[in-house]
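Structure first, commentary second.
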Amino acid sequence: MILHEFHPLMSKCNPQDDGDRLYLLGDYFGDEVHRKPAPTRVNFDADDASDFPLGRVIYWQLGEAVTAVCDGGLVIESLTENPHPERTRFPGTFTLVATKNP
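Heads up, the sequence shown is in the numbering used here, so the first residue is 12 and it goes up one at a time.
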């Protein structure tokens, strides 16, 4: 299995900057459920998409994702955190490679 996903630090902490500093506003360890438009709305015209209900989104901690993979019987081969494209001192994505033993 190869999982490449946005890093939860950026999703959970809602980073804002003032030009010099980056402020993390969210709670990385919180379990808040976010109400957001479905990403697939972009595939529909605006009139149809306006009727779509908001989705519920939970941003998991990196450790929760890794633990779920292990609990599924997979063996982690590698976990790489990749820099954010604009905020290069912070993680933007991660890539997890895991295999299942026969």
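Where a beta carbon is used, it is the ideal one built from N, C-alpha and C, also for glycine.
Reduced DSSP secondary structure (H/G/I, E/B, other) of residue i
i	result
residue 52	helix
residue 20	helix
residue 37	coil
residue 30	coil
Bridge partners - residue i, DSSP secondary structure assignment
i	result
residue 85	111
residue 80	Per DSSP, none; premise fails for residue 80.
residue 94	102
Residue span of the beta strand (DSSP E) that contains residue i, given as start and end
i	result
residue 14	13-17
First and last residue of the uninterrupted alpha helix (DSSP H) at residue i
i	result
residue 59	57-60
Inter-residue Cα distance where the pair is residue i and residue j
i	j	result
residue 14	residue 57	32 Å
residue 103	residue 17	6 Å
residue 40	residue 101	17 Å
residue 23	residue 34	12 Å
residue 36	residue 25	6 Å
residue 60	residue 49	9 Å
residue 83	residue 76	11 Å
residue 20	residue 72	8 Å
residue 67	residue 53	17 Å
heavy atom of the ligand ADP below 7 Å from residue i C-beta
i	result
residue 110	The ligand ADP is not part of the structure shown, which contains no ligands of any sort.
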